[in-house]
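Enquirer:
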Amino acid sequence: MPRRNASSDDDILAPAAIGAGSQTLMRGLDVLEALSEEQLTVGELAEKVGLNKSTTYRLASALTDRGYLAATPRAGYRLGPRLLALGSAARDQVDLVQAARPIMEELAALTEDTVHLGVLDADQALYLDKVPGRRRVIVSSRVGDRHPLTSTGLGKALMLDHDHDYWAARLDAEQGSDARRWKTWQQRMTDYRERGRAFDLEENEDRIRCVAAPIRDVHGRIVAAISVSGAAHYMEDARMAALSSDVLAAAARISAAIGHQPAGAGKR
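Per full-length UniProt numbering, residue 1 is the first one in the sequence shown, and the count goes up by one each step.
Structure follows, in structure tokens:
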């Protein structure tokens, strides 16, 4: 790692457009990287990252408070448990995308429609992967996009195991909720839960409909969802009902690829 001059903590670390918050973040990342190979005292850490001891101590203390570092008396700092959790989550997401991709491609070829993969992240649907369809239909989504839970098929599928309180909270936060709207939406979600899949009926994007189903991990928990999206004139009610079987089958295959076994599987 290139060293910076310890006497110039206030030097700009990147182009002038980078603000103080970004500068602090970059310094914090330098601290994490400096500890990737060994445990260090504050003095050793300051020397390695090229900051003075007081600045280094403040950064290390903040990272320790959040669990990214752990402190040991006299021995100094080491990487903390929060990084293990993040690393595990990153690994799981990469594994999920790799497991899902060939199945998504098969589903897109079968349906000729756009296929998405997403996860629940910070009360939103985060899109991890996308296979465009063959039809001349533009579905305005990109990998990395976040969309509301209550208006997307993917989002609804991700919520199927949540309780009614969570459903109500998300509906109120995203759309506002009066008694009539909540009753209708609750009935629709209950039906989706019973059928194991969810629809987007042009709720998130004009003239775009989708069918979505949840993906489950080895513990049976919903960890992701897959969806097929297309223009409304290709997605009349009868076709959406027929597509449900294909989407459910694809979701089951991805679930199996990441370790899920349906209840009763393997029993005689």
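Even for Gly, the Cβ is constructed at its ideal location relative to N, Cα and C.
#1: Are there three or more Cβ pairs, one per stretch, closer than 8 Å when the region 60-80 is compared with the region 184-195?
#2: Check V143 in the structure and name its three-state DSSP category.
#3: Where does the unbroken alpha helix (DSSP H) through A89 begin, and where does it stop?
#4: Inspect the beta-carbon positions of A100 and I254 and report whether they are closer than 7 Å.
#5: Using 8 Å as the cut-off, can you tell me whether the region 194-201 makes contact with the region 82-89, which would need three or more C-beta pairs spanning the two stretches below that distance?
#6: At what residues does the alpha helix (DSSP H) containing L171 begin and finish?
#7: Grab me the residues of G155's own chain with a C-beta within less than 7 Å of its C-beta, minus the 5 sequence neighbours each way, in chain order.
#8: According to the neighbour-count rule (16 or more other Cβ atoms, all chains shown, within 10 Å of its Cβ), is R197 buried or exposed?
#9: Alpha carbon to alpha carbon, how far is A238 from Q93?
#10: Look up G153 in the DSSP assignment and say whether it is helix, strand or coil.
#11: Run the CB neighbour count on S227, radius 10 Å, all protein chains shown included, and call it buried at 16 or more, exposed below.
#12: For G19 and M26, what's the separation of their Cα atoms in angstroms?
#13: Does R216 pass the burial test, meaning 16 or more other C-beta atoms within 10 Å, or should it be called exposed?
#14: Ends of the beta strand (DSSP E) at D217?
#15: Should the region 159-173 be called in touch with the region 127-145, which here means at least 3 C-beta pairs below 8 Å?
#16: Considering only residues of the same chain and omitting the five flanking positions on each side of S151, which have a CB-CB separation below 8 Å?
#17: Does the distance from the CB of T55 to the CB of L45 come in under 7 Å?
#18: When burial is assigned at 16 or more other CB atoms within 10 Å of the CB, is R170 buried or exposed?
#19: Can you find the residues in the same chain that come closer than 7 Å, C-beta to C-beta, to A224, ignoring five residues on each side of it along the sequence?
#20: In this structure, how does DSSP classify A224 when only helix, strand and coil are distinguished?
#21: Quick one: grab the DSSP three-state call for A6.
#22: List the whole-angstrom C-beta distance separating V211 from G153, where the pair is believed to meet the contact cut-off of C-beta under 8 Å.
#23: May I ask which residues mark the beginning and end of the alpha helix (DSSP H) holding S59?
#24: Give me the Cα-Cα distance between G87 and A109, rounded to the nearest whole angstrom.
Expert: Put simply:
#1: no
#2: In the structure shown, V143 sits in coil (DSSP, three-state: anything other than H, G, I, E or B).
#3: P81 to T111
#4: yes
#5: Segments in contact, no.
#6: H164 to Q175
#7: If you ignore the 5 residues before and after G155, its C-beta comes within less than 7 Å of the C-beta of A125, H147, P148 and L149, all in its own chain and listed in chain order.
#8: buried
#9: A238 and Q93 have their C-alpha atoms spaced approximately 34 Å apart.
#10: helix
#11: buried
#12: 11 Å
#13: buried
#14: Unbroken run through D217: none, as it is neither H nor E.
#15: Contact between the region 159-173 and the region 127-145 is absent: fewer than 3 CB-CB pairs across the two stretches fall below 8 Å.
#16: If we look at S151 and ignore the five residues flanking it on each side, its Cβ neighbours are E174, Q175, D200, E203 and N204.
#17: no
#18: buried
#19: L96, L117, G118, V119 and I215
#20: strand
#21: For A6, the pLDDT reaches just 45, beneath the cut-off of 50, and the residue's location in the model is therefore unreliable, although a value from the coordinates is still provided. In the three-state reduction of the DSSP assignment, A6 falls in the coil class.
#22: 6 Å
#23: Residue identity differs from the one stated: residue 59 is Leu in this sequence, not Ser. K53 to D65 is the extent of the alpha helix (DSSP H) around L59.
#24: 33 Å
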